[in-house]
Every structure is written in structure tokens, then in C-alpha cells.
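Everything on this sheet refers to the single structure shown next.
In the working numbering, the protein residues as written are 52 to 265.
Following this line, the structure appears as C-alpha cells:
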């Protein structure tokens, strides 16, 4: 009799987390079109909000996923910083645009959260299936956000506007080597998390401790 209420409680918690995580992801995307708040300030705010948010939702271990995403974002922006210049006033420090740095960190982490929600059985899958599922979700969300930014919000990287975009989608107007980074950043992030053996970000700390004891 006790087991059923506990199962309902766990199910309710998972639904709440999924809704909250999706709300943050949507906020990050639609920050591109918030005329009252600059996109760079908004995305930095979302990034900083993630730390207390993960603690309040009892997912402190997921901060490691966020830190991995941040490191990969730093590496990528270090390589490609000269290719970013937007048609809006955004903060630039020593030649490095702040917006894409935090956008990549938040984006990669957000995709992992969505993946863990939508593919709850991924921990039991073989690695090939896991990375295929993750990549499919990553590319879908990447293309949707890029299409919205370019075609609907008129949020454009004019530094590389002379380059052709992806066929049919007409977005991601960057050099070919950057297109490769765009497509591979997600799978690379997932691979690093797997190699580090990071647990599911949506698992509560109590569940992790119980699993460790068994």
C-alpha cells in the first residue's frame, strides 16, 4: 500500500522536473526576441540561474554536466571567437563575444536534460544507440533554434553572413569547418560525459546514494 503512493510521488516529481527544464530551455531560446532585455544578459542570467536551480531540485551532481558543457563551450569559442559578430549590441570582452559562449554551454546542457527525460531507459542501452538518440535530439533542437533565430527573430551573425547556410534550412551561415563544429559539438559533449561516467542528471541525489550502496 505504501509502494503505490511512493511511485506516484516519483512520477509527479519527474513530470515537474520535465516541465521546469523545458520552461528554462524555452526561456533561453525566446530570450533572442525579448526587446526589454539584451540577449547576452538574458543567457548569462539563465546560466547563473542553473546552479541554484539544480541544487533546489536536488540534482547537484548535474552541475558536473553543466561544467563539462562550459569547458567545451570555452574551447570552441577560443577557436571560433573571430567568427562571431551580431546585428545587435552584445558584450564583447577582449575580442570574445559573451553570448555564444554562454549559449553553447546552456544549449549543450539543456539538450542533455531533455535527452534524459525523453529517453529514460538510455542507461540500459548500448553506447551506439545512446549517442544516436542524443544526436537526433541535439540536431533537432539545434536546427529549430537556429531557424527561429535567423528567420523569425532576425538574430544574425553578420560576421559570417557571406557564407552559405545549410541546404533547405538556410541557417547556420558560417564556414564549413564551423558547420562541422555545430553538428559535432553535441555528440562530442555526450561522449565526454559518457567517458567521465557521469550519472543521469535527472536522478535525485538520494537515488544515487541508494544505487551506490547496492
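The beta carbon of each residue, even a glycine, is placed where N, CA and C say it ideally should be.
{"Asked": "Status (buried if at least 16 other CB within 10 Å, exposed otherwise) for residue 161", "Found": "buried"}
{"Asked": "The stretch 107-127 in contact with the stretch 173-189 per 3-pair CB rule at 8 Å", "Found": "no"}
{"Asked": "Where residue 88 sits in the DSSP three-state scheme", "Found": "coil"}
{"Asked": "C-alpha distance - residue 101 paired with residue 233, whole-angstrom precision", "Found": "23 Å"}
{"Asked": "DSSP-derived helix/strand/coil call for residue 135", "Found": "coil"}
{"Asked": "Residue 215, DSSP secondary structure in three states", "Found": "coil"}
{"Asked": "C-beta atoms of residue 37 and residue 137 nearer than 8 Å", "Found": "Any answer about residue 37 is impossible in this case: the structure gives the chain only from 52 up to 265."}
{"Asked": "Straight-line gap, residue 180 to residue 245 (C-alpha atoms, nearest Å)", "Found": "13 Å"}
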